[in-house]
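This report refers to the structure that appears directly beneath it.
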Amino acid sequence: MSVCARGLDCARLRARRSLRYRDRAVRRGPTRARRRAAVCGPGSFRSVTGRLRGVLLVFAKEPEPGRVKTRMVPPLSPQQASDLYGEMLQDVLIASGRIAVEIGLAPVLVVDPPRAAAALARRAPTEFRIVPQRGADLGERMEWAIREAAASGANRILLRGSDSPTLDLERIEAVLASLDEFDLAISPDLSSGYNLLGVRKPTPGLFDLPMSTRTVLEDTLANAAALGLRTEVQPASFDVDTVNDLNRLAAARAGPGASYVADMCPRTLSFLDAEGLWP
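For the sequence shown, the numbering used here gives the first residue as 9, with consecutive numbering after it.
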């Protein structure tokens, strides 16, 4: 198991230099024409890459009470959990759009349920295309999105979730770099799943497994081995799924990388401060 990553100091410097992308993305008043153009239907990945290096797919749900961050309820109320996810999602979108532009990826927001596409388009930075998820379960939807991205001409396809607001430039660049040598690169989370993966082409059967279990990473790696994929596993990081994860976020905020954490997820931190939701 090896790690392909650039130095943390270099990654932080590059991310800070690209803050202009975050400032541009914060605008929430795109024109009506732009909002309509951002929401795409079937076949919408065609020509999305242009001359870019690949695609960054961000999988997200509609912030709806009772449907997101349910493992935080209680002590949070369903509305608080939904509002927290909404702020996390906004941070993830702004950071992902900024990073994608910097390293030459086309950012695509892949949303569930499909009816939420228009509403989430108003949240997303203008760099994004918005595509409804298609498939009976998460594994099918991930496979479909990768297949569509590959059909657009992309041979570097990264897929991340929206539960990891501290996932940074260094980790995304590391997964992208891994694809120069490996068929599959995975960045695990600390709950035996993963929050970022990269592939070079569609891999039918890779996600043929139960999701949201404690063996997701193990099962995915087993499928990859059975498919003959050369795989690299990156160091683990944390998602924000439980109240205990808020302790991890608080520790990261107080640690050596405090300023960087503040840059990556300012809305998440401000919401937790304002609502007094820290454990």
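Idealized CB from N, CA, C, for every residue including glycine.
From which residue to which residue does the beta strand (DSSP E) around residue i run?
i      : result
THR134 : Careful: THR134 lies outside any beta strand (DSSP E) and carries neither H nor E.
LEU204 : 202 to 207
GLY62  : 62 to 69
LEU192 : 192 to 196
ARG168 : 165 to 168
In whole angstroms, give me the CA-to-CA distance for residue i and residue j.
i      : j      : result
SER90  : GLY265 : 27 Å
GLN98  : ARG131 : 7 Å
GLY62  : GLU181 : 12 Å
GLY236 : ASP253 : 34 Å
ASP271 : GLN141 : 29 Å
VAL251 : ARG155 : 35 Å
SER186 : SER170 : 22 Å
VAL269 : ALA260 : 7 Å
SER124 : GLU70  : The sequence shown places Ala at residue 124, rather than the Ser named in the question. Each residue's Cα considered, the two are about 6 Å apart.
ILE102 : ALA230 : 34 Å
SER160 : LEU113 : 13 Å
LEU92  : SER199 : 20 Å
ARG42  : GLY263 : For ARG42, the predicted model reports a pLDDT of 43, less than 50, meaning its position is unreliable; a value from the coordinates is still stated below. Whole-angstrom Cα-Cα distance: 40 Å.
SER267 : GLU72  : 30 Å
GLY74  : GLU240 : 35 Å
LEU128 : GLU135 : 13 Å
PHE246 : SER172 : 7 Å
LEU204 : ASP176 : 11 Å
LEU64  : PRO218 : 24 Å
What do you get for residue i, buried or exposed, if any count of 16 or more other CB atoms within 10 angstroms of its CB means buried?
i      : result
PRO82  : exposed
ASP281 : exposed
SER278 : exposed
PRO287 : exposed
ASN255 : exposed
GLN242 : buried
PRO133 : buried
GLU178 : buried
SER85  : exposed
ARG79  : exposed
THR174 : buried
ALA234 : exposed
ARG238 : exposed
SER220 : exposed
GLN87  : exposed
ALA144 : exposed
GLU283 : exposed
PRO115 : buried
GLU189 : exposed
ASP216 : exposed
What residue range is occupied by the uninterrupted alpha helix (DSSP H) comprising residue i?
i      : result
SER267 : 266 to 272
LEU97  : 86 to 111
GLU151 : 146 to 159
GLU240 : No alpha helix (DSSP H) holds GLU240; the beta strand (DSSP E) holding it covers 239 to 241.
ALA125 : 125 to 129
ASP216 : From DSSP, ASP216 is part of no alpha helix (DSSP H); its letter is neither H nor E.
ALA230 : 224 to 234
ASP253 : 251 to 262
Since residue i sits in a beta bridge, which residues does DSSP pair it with?
i      : result
PRO287 : Answer is none; PRO287 lacks a bridge partner.
ALA245 : According to the sequence as given, residue 245 is Ser; it is not Ala. Answer by DSSP bridge pairing, in chain order: ASP197.
ASP120 : LYS69
VAL139 : VAL118
Is residue i close to the ligand ZN? I mean its beta-carbon at under 7 Å from any heavy atom of the ligand.
i     : result
ALA89 : Within the structure as shown, the ligand ZN is missing, as the structure has no ligands at all.
Are three or more beta carbon pairs between the region 205 to 224 and the region 161 to 172 nearer than 8 Å? yes
Could you tell me whether the region 188 to 196 touches the region 219 to 232, using the rule of 3 or more Cβ pairs below 8 Å? yes
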